[in-house]
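Here's the structure we're looking at; comments come further down.
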Amino acid sequence: MTTAFDTTGLERCIHCGLCLEACPTYKITLLETESPRGRLHLMGALADGRIDAQKSAATVLHLDRCLACRACEAVCPSGVPYGRLIEETRAGLARARGITPLGQLLLWSVSRPWVLALLAALLAIAERTGIRGLARRFLSPRLRRLDALAPPVGRPAYRPVAVEAPRSSVGLLLGCVMRASYGDVHSATARVLAHLGAEVVESPAQVCCGALHAHAGDKEEAIRLAKQNIAAFERAELVLVNAAGCGAHLKTYGHLLEGRPIWAERAATFASRVRDVSEHLAALAGDETFGRLAMRVTYQDPCHLAHAQGIRAEPRALLSKVQGLELVEMADADVCCGSAGYYNIAQPEYADRLLERKIDAILATRPDAVVTGNPGCMLQLAAGLRSRGRDDIPVLHVVEVLDRAISAR
Numbered sequence: 042m043t044t045a046f047d048t049t050g051l052e053r054c055i056h057c058g059l060c061l062e063a064c065p066t067y068k069i070t071l072l073e074t075e076s077p078r079g080r081l082h083l084m085g086a087l088a089d090g091r092i093d094a095q096k097s098a099a100t101v102l103h104l105d106r107c108l109a110c111r112a113c114e115a116v117c118p119s120g121v122p123y124g125r126l127i128e129e130t131r132a133g134l135a136r137a138r139g140i141t142p143l144g145q146l147l148l149w150s151v152s153r154p155w156v157l158a159l160l161a162a163l164l165a166i167a168e169r170t171g172i173r174g175l176a177r178r179f180l181s182p183r184l185r186r187l188d189a190l191a192p193p194v195g196r197p198a199y200r201p202v203a204v205e206a207p208r209s210s211v212g213l214l215l216g217c218v219m220r221a222s223y224g225d226v227h228s229a230t231a232r233v234l235a236h237l238g239a240e241v242v243e244s245p246a247q248v249c250c251g252a253l254h255a256h257a258g259d260k261e262e263a264i265r266l267a268k269q270n271i272a273a274f275e276r277a278e279l280v281l282v283n284a285a286g287c288g289a290h291l292k293t294y295g296h297l298l299e300g301r302p303i304w305a306e307r308a309a310t311f312a313s314r315v316r317d318v319s320e321h322l323a324a325l326a327g328d329e330t331f332g333r334l335a336m337r338v339t340y341q342d343p344c345h346l347a348h349a350q351g352i353r354a355e356p357r358a359l360l361s362k363v364q365g366l367e368l369v370e371m372a373d374a375d376v377c378c379g380s381a382g383y384y385n386i387a388q389p390e391y392a393d394r395l396l397e398r399k400i401d402a403i404l405a406t407r408p409d410a411v412v413t414g415n416p417g418c419m420l421q422l423a424a425g426l427r428s429r430g431r432d433d434i435p436v437l438h439v440v441e442v443l444d445r446a447i448s449a450r
């Protein structure tokens, strides 16, 4: 059975192998089939029918084990659009084989805020009453893993900040996991923006960005969500995102809706107005400093910030504006931590091997806190630190550090 999908750009691969050492799964296995070059070969074979997706579970597994971190894109001399190709491949596989029941459940949940809010409320009740701790003793290993990776409960919800005589205004993507579990990061974002004279304009019709759906191969749902967000933010001068994976995906809306009447131009315009929060704050701050905070931190580059968006200097530049803060670089800061959407649930063995290396690198810096810019990374790193008995080391978003420094003035 032929699994048809768009392979535009695949022909650019010259098989040079420069991507191998950049690929996290190749580095832990040294298998060609677990490398970008090997996976591109498998994509081509699936697309032209040399491999039948229905009969080759091994091929599908090699592609499923790709983190879609896009580290290979950053080093590819030929400009192979690997991130787009893996998404097109997974969309083709989803049409041919379907999405796993676990994947379907997760995707259904994240695109419905009420489901995430209900789950967060139930977890909070279970935590307060002690039921959650008791239940952990009887959970299967897989359910214990899900519990360990569950978003935090009890953090304050997002509260908009009023700004007198704002000099500029922006839209803010609230997202799915961020809205349900990291509302206080949104509040910190709004306060830091207010400090710089910018106001967040509410966009109540916004929805989940659709990144997880696109990564899993549910392209039609990703398109549906994209259309809703484009309409919701139509009047915003800029759309800020404080979740790296979401921001990277919003910037691809132009491609996602390419060739679709009415929507193609609107999507391209929308994508051109998307900014990661660190990208915008660095430009907005100028020579502004953010107060003093005596803290030793290390910074983890989210894959979809460093590789997909090319944003590395801006978060570090912002941290350098906090007096008293010491930034100690960890080894391999831009190597994937193993989160990668819901990869840490779907591919636990590889995710854990990557996380072990990341936690080793973090602990070697002896930090007071770990700083990053993506909720998936925050969940994964916090779980890894807890597993080592180091839950005394908090995992913070860049804007949380800036907000604390401003508040300490």
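End of the sequence shown sits at 450 in our numbering; the numbers just go up one at a time, nothing left out. Ideal Cβ placement from N, Cα and C applies to all residues, glycine included. Given the structure is predicted, the values throughout are model-derived calculations rather than measurements.
| request: Tell me where the alpha helix (DSSP H) around H227 begins and ends. | output: Here the question's residue 227 lines up with position 186 in the sequence shown. Per DSSP, H227 belongs to the alpha helix (DSSP H) from 224 to 236.
| request: Could you please give the first and the last residue of the uninterrupted alpha helix (DSSP H) stretch that includes Q145? | output: To locate residue 145, count along the sequence shown from 1; it is residue 104. From DSSP, the alpha helix (DSSP H) with Q145 extends over 142 to 151.
| request: Under the assumption that H290 contacts G258 (Cβ atoms under 8 Å), give the Cβ distance between them as a whole number of angstroms. | output: In the sequence shown, the residue the question calls residue 290 occupies position 249. In the sequence shown, the residue the question calls residue 258 occupies position 217. With a Cβ gap of about 14 Å, H290 and G258 do not count as contacting.
| field | Closest by C-alpha distance to I140, when choosing among A335, Q269, H256 | value | Looking up residue 140 in the sequence shown gives position 99. It is H256 whose Cα lies nearest to the Cα of I140.
| query | Can you tell me whether E370 is buried or exposed, with buried defined as 16 or more other CB within 10 angstroms of its CB? | reply | Along the sequence shown, one-based indexing puts residue 370 at 329. E370 is exposed by the Cβ-count criterion.
| field | Own chain partners of A392 with C-beta closer than 7 Å, once the 5 adjacent residues on each side are dropped | value | Locating residue 392 in the sequence shown gives position 351, counting from the first residue. If we look at A392 and ignore the five residues flanking it on each side, its Cβ neighbours are G379, Y384, N385.
| Enumerated in chain order, which unbroken segments of the alpha helix (DSSP H) with a length of 4 residues or greater are wholly contained in the stretch 266 to 331? | 285 to 291, 294 to 297, 304 to 313, 318 to 326
| field | CA nearest to the CA of L108, picked from Y123, P118, S119, K96 | value | Taking the first residue of the sequence shown as position 1, residue 108 is located at position 67. Closest by alpha carbon: Y123.
| Below 8 Å between beta carbons: does that hold for G288 and R333? | Residue 288 sits at position 247 when you count from the first residue of the sequence shown. Residue 333 sits at position 292 when you count from the first residue of the sequence shown. Result no, Cβ atoms of G288 and R333 do not sit closer than 8 Å.
| message | Between which residues of its own chain and H254 is the CB-CB distance below 6 Å, once the five residues before and five after are set aside? | response | The count along the sequence shown starts at 1 and reaches residue 254 at position 213. Answer for H254: L148, E262, A263, listed in chain order.
| query | From what residue to what residue does the alpha helix (DSSP H) around G417 run? | reply | In the sequence shown, counting from the first residue as 1, residue 417 sits at position 376. Where G417 is concerned, the enclosing alpha helix (DSSP H) stretches over 416 to 428.
| Hey, quick one: how far does the alpha helix (DSSP H) through S361 stretch, first residue to last? | On the sequence shown, residue 361 is found 320 positions in, with the first residue counted as 1. Per DSSP, S361 belongs to the alpha helix (DSSP H) from 354 to 361.
| Taking C-beta to C-beta, are V280 and V218 nearer than 8 Å? | In the sequence shown, counting from the first residue as 1, residue 280 sits at position 239. In the sequence shown, counting from the first residue as 1, residue 218 sits at position 177. Cβ distance not < 8 Å, so V280 and V218 don't count as in contact.
| message | With a threshold of 6 Å on Cβ separation, who are the neighbours of M42 within its own chain once the five nearest residues in sequence on each side are excluded? | response | Your numbering for residue 42 matches position 1 in the sequence shown. With a pLDDT of only 47 at M42, under the threshold of 50, the placement of this residue in the model should not be trusted; the figure read from the coordinates follows. Cβ within range, chain order: D93, Q95.
| request: Measure the CB-CB distance between I161 and S222 and report whether it falls below 8 Å. | output: Position 120 of the sequence shown, counted from the first residue, corresponds to residue 161. Position 181 of the sequence shown, counted from the first residue, corresponds to residue 222. The sequence shown places Ala at residue 161, rather than the Ile named in the question. Yes, these two residues count as a Cβ contact at 8 Å.
| message | Here's the rule I'm using: 16 or more other beta-carbon atoms within 10 Å means buried, otherwise exposed. How should R407 be labelled? | response | Position 366 of the sequence shown, counted from the first residue, corresponds to residue 407. With fewer than 16 other Cβ atoms within 10 Å, it is exposed.
| Based on the DSSP secondary-structure assignment, which residues constitute the bridge partners of Q364? | The sequence position of residue 364 within the sequence shown is 323, counting from 1. Answer is R333.
| Minimum length 3: unbroken beta strand (DSSP E) runs contained in the stretch 170 to 221 | 209 to 213
| Is it buried or exposed for T170, if we count other Cβ within 10 angstroms and need 16 for buried? | Your numbering for residue 170 matches position 129 in the sequence shown. Result: exposed.
| Delimiting residues of the beta strand (DSSP E) encompassing E240 | Your numbering for residue 240 matches position 199 in the sequence shown. Element bounds for E240: 239 to 242.
| query | Does DSSP classify T130 as helix, strand or coil? | reply | Stepping through the sequence shown from its first residue, residue 130 is reached at position 89. If DSSP states are grouped into helix, strand and coil, T130 belongs with the helices.
| 7 Å CB neighbourhood of F46 in its chain, flanking five on each side removed | Along the sequence shown, read from residue 1 onward, the residue named residue 46 stands at position 5. Around F46: A88, E129, T130, A132, G133.
| request: Would you check if the stretch 294 to 310 and the stretch 327 to 343 touch, i.e. whether three or more CB-CB distances between them fall below 8 Å? | output: no
| field | Option in Q388, P416, G414 with minimal Cα separation from R183 | value | Translated into positions along the sequence shown, residue 183 becomes position 142. Considering only alpha carbons, the answer is Q388.
| said: Quick check on DSSP: helix, strand or coil for L71? | reply: Position 30 of the sequence shown, counting from 1, holds the residue named residue 71. Here L71 sits in coil by DSSP.
| query | Which of helix, strand or coil does DSSP assign to L83? | reply | What you label residue 83 is simply residue 42 of the sequence shown in a count that begins at 1. Helix, per DSSP.
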